[in-house]
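Okay, so here's the structure we're looking at.
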Amino acid sequence: MKRTRRFERVTAKSKRPIHDDDDEARPSQPSDSLTGTVLKPKKSKSQLQTKPGSIPIPDNPPEKMTILPFTFFQIDALDLAPRLLGKLLRRDDVVLQITEVEAYRQNDSACHGRFGVTARTAPVFGPGGNAYVYLCYGLHTMLNVVADKEGVGAAVLIRSCAPVSGLETIQQRRGQKTDKPVLLNGPGKIGQALGLSTEWSNHPLYNPGGLEILDGPEPEKMLIGPRVGIEYALPEHVNALWRFAVAGTSWISAPKNTLRPP
């Protein structure tokens with residue numbers, strides 16, 4: 001696929017520090033549905049270190065890390081998506097590092113915003129930095145980060161994460177006693193690990209308390225590819241390279257063979 005000027009601008013930005021995966025069209029995969037030096041924190045029963053060279057782990061304990069400000073999210077979803085890689089999601093004792101995302105933009109035939117403002121989609125038209133949480137197949141809770149200015153209708157789907165702390169809580173919520181990537185390699189799994197429900201929609205992720213997004217080190221390299229499960233969309237949106245993942249980590253979802261270096 002010929003790289004557009006728009007994508008070239010995005011990949012260039014990604015070296016600085018929608019949500020839709022509309023899996024409602026793919027019931028066979030219920031769990032499907034952004035730099036620095038590697039610093040090794042002390043391990044505990046509730047903390048898991050990812051493999052060296054895959055993704056940096058922050059040196060500071062999560063409780064001392066900075067919550068990303070409101071202004072961080074006031075940009076196009078296609079710019080926000082790669083910038084979210086390496087950032088941290090925190091709720092209570094659970095901290096997850098974001099390893100894979102998808103951008104869903106205004107006037108995107110794969111975005112929930114295409115339906116306009118409804119009871120379900122209203123949160124995605126809120127201000128950037130809010131959460132948009134929807135239920136897939138009536139079972140799986142999908143977390144999205146709203147992007148851009150209020151009224152735009154765009155967001156970034158959190159597809160996969162790696163655990164940083166709270167491993168036992170994650171395992172309990174997931175009902176799966178493992179520390180392998182299967183624990184968090186899908187958007188439905190992220191919502192479950194964080195204990196989310198649709199009541200978290202509109203929650204400001206930039207305010208202390210509840211669910212927060214913390215600053216974190218950018219990955220040294222990333223992969224790009226087409227989004228997953230959007231066969232119903234227009235061809236230009238099906239083929240758009242708006243899926244972003246950390247390179248060199250196993251904490252990403254399937255399919256992996258559609259991802260490549262930018």
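The UniProt record's numbering numbers the first residue of the sequence shown as 1 and each following residue consecutively.
Glycine residues also receive a C-beta, built at the ideal position from the N, C-alpha and C atoms.
Look at the region 67–92 and you find these whole runs of beta strand (DSSP E), each 3 residues long or longer: 88–91. Look at V164 here: in three-state DSSP terms it is strand. For I224, the enclosing beta strand (DSSP E) covers residues 222–225. Taking a cut-off of 8 Å on C-beta distances, the region 230–245 touches the region 108–118, as three or more cross pairs fall below it. A direct Cα-Cα distance of roughly 19 Å separates L78 from Q97. Secondary structure note for V238: its alpha helix (DSSP H) is the uninterrupted segment 235–238.
Cα atoms of L84 and G195: separation of roughly 20 Å, rounded to the nearest angstrom.
Under DSSP, P204 shares a beta bridge with N130.
Out of L259, A233, S253, E218, the CA that lies nearest to the CA of P82 is found in E218. Boundaries for I190: no beta strand (DSSP E) harbours it, while the alpha helix (DSSP H) harbouring it runs 187–193, taken from the DSSP string.
Fewer than three Cβ pairs drawn from the region 63–77 and the region 218–228 lie within less than 8 Å of each other, which leaves the two stretches out of contact. Listed in chain order, the non-local C-beta contacts of A147 below 7 Å within the same chain comprise F73, I75, D76, A77, L80, G128, A154, A155, V156, local neighbours out to five positions each way being set aside. Per DSSP, E218 lies in no beta strand (DSSP E) and is assigned neither H nor E.
Between D93 and S165, the CB-CB gap stays under 8 Å. The residues L34, A81, L84, L85, V156, L157, I158, R159, F244, in chain order, have a CB closer than 7 Å to that of V101 in the same chain once the five nearest residues on each side in sequence are set aside. For T249, there is no enclosing beta strand (DSSP E), as DSSP marks it with neither H nor E. With 16 or more other CB atoms across the displayed protein chains lying within 10 angstroms of its CB, G229 is buried.
Each of R114, C161, L88 was checked against the Cα of Y232, and the nearest Cα belongs to R114. The beta carbon of T258 lies closer than 7 Å to those of G225, P226 in the same chain, with the five residues before and after it left out. Note that the C-beta distance between L143 and A131 is below 8 Å. Between G175 and T141 a beta carbon distance of about 14 Å is seen, past the 8 Å cut, so the two are scored as non-contacting. For V145, the enclosing beta strand (DSSP E) starts and ends at 140–147. When DSSP states are grouped into helix, strand and coil, V182 belongs to the helix group.
Taking all protein chains shown into account, A103 has 16 or more neighbouring C-beta atoms within 10 Å of its C-beta and is therefore buried.
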